[in-house]
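*Asks:*
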């Protein structure tokens with residue numbers, strides 16, 4: 335394991351100065367009266383944040399705080415691609431029987447999202463009353479402080495391969511995952527491709543289709559006969575909002591990521607607005623602090639591959655650029671995965687909020703919990719809920735207890 | 005009529021400070037990093053192209069000379085128009101060229117996005133001359149739509165298609181054209197169709213070069229429907245379907261974005277000229293039929309957005325307003341609904357983004373002229389100006405066209 339090196343985030347001074355210069359020269363659009371949030375990120379908010387980012391925000395201090403969490407880097411190579419330096423957070427519990435948990439972020443998220451659940455999961459579990467976990471939280475290729483591929487076709491299969499190889503390299507022959515957004519999609523890919531290693535996934539995103547009679551007759555009938563509960567009813571409204579008003583970024587990133595990339599690479603204000611709009615729209619009235627937002631966006635702005643690279647994942651997921659057979663596309667990710675235990679935590683202000691019968695078409699659902707508040711970035715907004723749910727799913731009496739061979743999360 | 009209704013001559017004169025600020029930003033550009041696929045058109049505007057155009061825009065592109073040329077070729081004016089529920093005195097910039105001959109038909113030329121008045125520049129001389137007695141001739145009016153070009157930007161929500169139509173109609177009235185014909189594609193298609201629905205006594209005919217339409221339905225147009233159901237399409241029409249599929253699968257991300265979160269996008273368009281460059285360049289190439297753009301042409305189309313009165317970010321709001329103004333109570337007009345009062349001319353170009361069968365186009369209204377071309381795309385007035393001008397002239401000819409019915 336000699337090539338796993340400790341990693342310290344250290345953005346160079348030139349990059350910091352360049353950011354301030356760009357912010358000082360920023361040219362802002364005007365805005366329609368009373369546009370609120372309907373038409374996009376409000377001008378006043380973005381201007382305030384840009385000014386804060388330029389004048390008051392202290393990246394070096396944020397960097398110091400981020401670096402308090404143990405981080406590493408190692409090369410991982412996917413078949414047919416060049417090796418990529420993968421950055422990751424890794425904390426091993428003191429409990430010998432700790433369950434290895436891979437936390438996978440999404441877009442526009444990153445490794446920092448694990449910070450609030452890290453200590454509770456690794457130290458909060460004493461292995462006697464509460465289960466303990468080893469936690470690995472990488473920056474996905476093209477995100478955060480990981481490198482990005484220079485070759486096209488780095489799609490779900492490659493993301494899954496990277497994650498799996500990382501866990502194996504760290505000595506975890508079996509493991510479980512936690513994630514939402516791309517964390518959910520990549521977990522689904524892992525469940526399809528590596529059920530030998532990825533034994534269970536706890537997801538906080540409902541990416542699923544309604545049950546079809548021929549495929550899931552019981553669920554289908556259940557779906558037809560049982561009225562939606564209040565959570566599910568609210569979910570219909572929320573999902574409809576997302577489909578009608580919230581998918582522009584996705585349609586664009588899925589088809590023309592390169593065109594979008596120029597703005598994200600050249601203008602920190604563009605990068606800020608693009609991400610901040612999601613931080614607001616996708617959360618449950620979460621009271622973002624300016625400092626928080628600036629750190630969040632800075633990780634994109636200062637990322638190793640650059641902010642333009644992060645959106646390519648959308649294109650590669652949809653398009654089969656090299657004509658590969660059995661591509662892991664959306665249809666595949668929503669197909670039944672045998673042999674992998676699934677858990678779902680539903681949060682009302684997520685983007686796709688689906689009925690229980692829908693997520694049960696994905697596989698053997700051994701854990702499901704409905705929450706009354708929270709949104710898309712659950713580990714950040716509602717860390718206690720995620721921690722409790724993960725403990726419940728994998729702890730004694732939980733549906734996925736003992737799913738990883740040899741470790742139960744408890745002192746034996 | 006107060007001072008509000010004055011018509012003032014106009015010359016484009018972008019302030020030095022704007023040009024300097026643009027150059028300064030271009031000097032600071034950071035490009036995305038190169039990969040093996042950053043020049044693959046499938047992913048978007050290629051990196052090498054954008055780098056080259058940025059360099060040219062910064063170093064050698066001469067806006068002042070382009071500006072002088074535009075001012076020379078295009079007689080321009082401004083006037084102020086009040087819009088119900090919005091500004092009382094919106095400054096509207098427009099090109100106005102009267103025909104060299106009498107009996108001219110007043111023609112409103114309505115541009116779209118990412119177009120501008122530049123789209124009228126090549127057909128202007130062709131339409132305002134009229135070489136023979138057989139050929140109709142036109143007085144051409146080509147406005148910069150509010151929020152575009154050198155017209156003022158609007159400040160309130162709800163400035164949608166009805167309001168755009170109102171501005172265009174009032175402009176024609178202001179110029180003394182009680183009755184007039186229209187020509188348009190892109191938003192020009194939608195706005196002129198809105199005008200035909202709202203002002204049928206004034207719009208004598210509409211020529212369209214982007215045709216969006218519903219398939220014929222059994223109830224409204226049974227004979228056309230039969231053709232649709234039996235799949236009797238020509239090879240051209242079948243190729244058209246492929247093009248529409250490409251647009252729906254790969255080409256409408258910008259539309260979805262602009263139609264839902266224009267303000268978020270606006271930050272990129274306002275702050276980064278390279279973002280604007282790429283955003284527009286991609287369309288200028290993807291939507292045309294192998295048109296051999298010169299760098300100067302490309303940069304002029306884009307500079308009109310960069311130097312626009314309202315800012316490039318304002319132009320994309322129309323997509324949001326149109327998408328959300330669909331209910332009748334909001335003033336929405338169904339532009340795809342049959343309008344029997346306004347004869348239509350339909351020119352189909354193979355590389356446009358919607359290329360639908362003729363039977364579908366005929367559900368829009370009575371078709372006085374129709375032609376399917378072998379060449380051309382979304383901007384035919386710029387790509388194949390003679391072909392478009394020819395269609396318009398044939399449509400309005402006295403012999404063989406509707407010219408005899410019109411009292412001009």
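Chains as they are written, first to last, in the working numbering: chain X, 335 to 746; chain W, 5 to 412.
Cβ coordinates follow ideal geometry from the N, Cα and C atoms, glycine included.
Check the Cβ of residue 601 of chain X against every Cβ in chain W and list those closer than 8 Å, keeping chain order.
*Replies:* 271, 272, 275, 276, 279
*Asks:* Measure the C-alpha to C-alpha separation of residue 703 of chain X and residue 444 of chain X and round it to an integer number of angstroms.
*Replies:* 24 Å
*Asks:* Quick check on DSSP: helix, strand or coil for residue 492 of chain X?
*Replies:* helix
*Asks:* Is DSSP giving residue 213 of chain W helix, strand or coil here?
*Replies:* coil
*Asks:* Quick check on DSSP: helix, strand or coil for residue 418 of chain X?
*Replies:* strand
*Asks:* Please state whether the Cβ-Cβ distance between residue 421 of chain X and residue 477 of chain X is less than 7 Å.
*Replies:* No. Outside cutoff.
*Asks:* Show which residues of chain W have a CB atom less than 8 Å away from the CB atom of residue 604 of chain X.
*Replies:* 271, 272, 275, 276, 279
*Asks:* What is the DSSP secondary structure of residue 519 of chain X, reduced to helix, strand or coil?
*Replies:* helix
*Asks:* Go ahead and pull the three-state DSSP assignment for residue 678 of chain X.
*Replies:* strand
*Asks:* Against chain W, with Cβ distances strictly below 7 Å, would residue 597 of chain X count as a contact?
*Replies:* yes
*Asks:* Can you tell me which of the three DSSP states residue 512 of chain X falls into?
*Replies:* strand
*Asks:* With a Cβ-Cβ cutoff of 7 Å, do residue 483 of chain X and residue 496 of chain X count as a contact?
*Replies:* no
*Asks:* Between which two residues does the alpha helix (DSSP H) containing residue 581 of chain X stretch?
*Replies:* First-last for residue 581 of chain X: undefined, no H or E at that position.
*Asks:* Out of X:643, X:621, X:640, X:651, state which residue places its alpha-carbon closest to the alpha-carbon of residue 711 of chain X.
*Replies:* X:621
*Asks:* Measuring CB atoms only, is the region 375-392 of chain W touching the region 352-366 of chain W, in the sense that at least three cross pairs come out at less than 8 Å?
*Replies:* Taking 8 Å as the limit for Cβ pairs, the verdict is that the region 352-366 of chain W does touch the region 375-392 of chain W.
*Asks:* Could you tell me whether the Cβ atoms of residue 118 of chain W and residue 287 of chain W are closer together than 7 Å?
*Replies:* yes
*Asks:* In chain order, what residues of the same chain have a beta carbon less than 7 Å from the beta carbon of residue 172 of chain W, not counting five sequence neighbours either side?
*Replies:* 112, 114, 147, 195, 199
*Asks:* What does the Cβ neighbour count give for residue 29 of chain W, buried or exposed, with the cut at 16 atoms within 10 Å?
*Replies:* buried
*Asks:* Helix, strand or coil, according to DSSP, for residue 412 of chain X in the structure here?
*Replies:* coil
*Asks:* What does a CB cutoff of less than 7 Å around residue 7 of chain W pick up in its chain, not counting 5 residues either side in sequence?
*Replies:* Only weak support exists for where residue 7 of chain W lies, its pLDDT of 48 falling under 50; the value from the coordinates is given anyway. Hits under 7 Å: none found.
*Asks:* What three-state label does DSSP hand residue 152 of chain W in the structure shown?
*Replies:* coil
*Asks:* Is the beta carbon of residue 384 of chain X less than 7 Å from the beta carbon of residue 357 of chain X?
*Replies:* yes
*Asks:* Return the CA-CA distance between residue 733 of chain X and residue 573 of chain X, expressed in angstroms with no decimal places.
*Replies:* 28 Å
*Asks:* Listing by chain order, which chain W residues have their CB less than 7 Å from the CB of residue 640 of chain X?
*Replies:* 36, 37
*Asks:* Under 8 Å: do the region 34-49 of chain W and the region 594-609 of chain X share three or more Cβ pairs, one atom per stretch?
*Replies:* yes
*Asks:* Please say whether residue 618 of chain X and residue 541 of chain X have beta carbons closer to each other than 7 Å?
*Replies:* no
*Asks:* Taking buried to mean at least 16 other C-beta atoms within 10 Å of its own C-beta, is residue 245 of chain W buried or exposed?
*Replies:* exposed
*Asks:* For the region 427-441 of chain X against the region 511-528 of chain X, are there 3 or more C-beta pairs whose distance is under 8 Å?
*Replies:* yes
*Asks:* Would a check of beta-carbon distances place residue 589 of chain X closer than 7 Å to chain W?
*Replies:* Put simply, the CB of residue 589 of chain X is near chain W, with a gap under 7 Å to one of its CB atoms.
*Asks:* Could you tell me whether any Cβ in chain W is nearer than 7 Å to the Cβ of residue 378 of chain X?
*Replies:* no
*Asks:* May I ask you to report which of helix, strand or coil DSSP gives residue 7 of chain W?
*Replies:* Any reading at residue 7 of chain W is ruled out, since the residue's pLDDT is 48, under 50, leaving its predicted position unreliable.
*Asks:* How many angstroms separate the CA atom of residue 689 of chain X from the CA atom of residue 562 of chain X?
*Replies:* 7 Å
*Asks:* Mapping DSSP to helix, strand and coil, what is residue 184 of chain W?
*Replies:* strand
*Asks:* Could you spell out where the alpha helix (DSSP H) holding residue 450 of chain X opens and where it closes?
*Replies:* Residue 450 of chain X -> alpha helix (DSSP H) spans 449-453.
*Asks:* Per DSSP, which residues does residue 14 of chain W bridge with? Please list them.
*Replies:* W:80
*Asks:* Give the secondary structure of residue 752 of chain X by DSSP, where H, G and I count as helix, E and B as strand, and everything else as coil.
*Replies:* Because chain X is modelled from 335 through 746, residue 752 of chain X falls outside the range shown and cannot be assessed.
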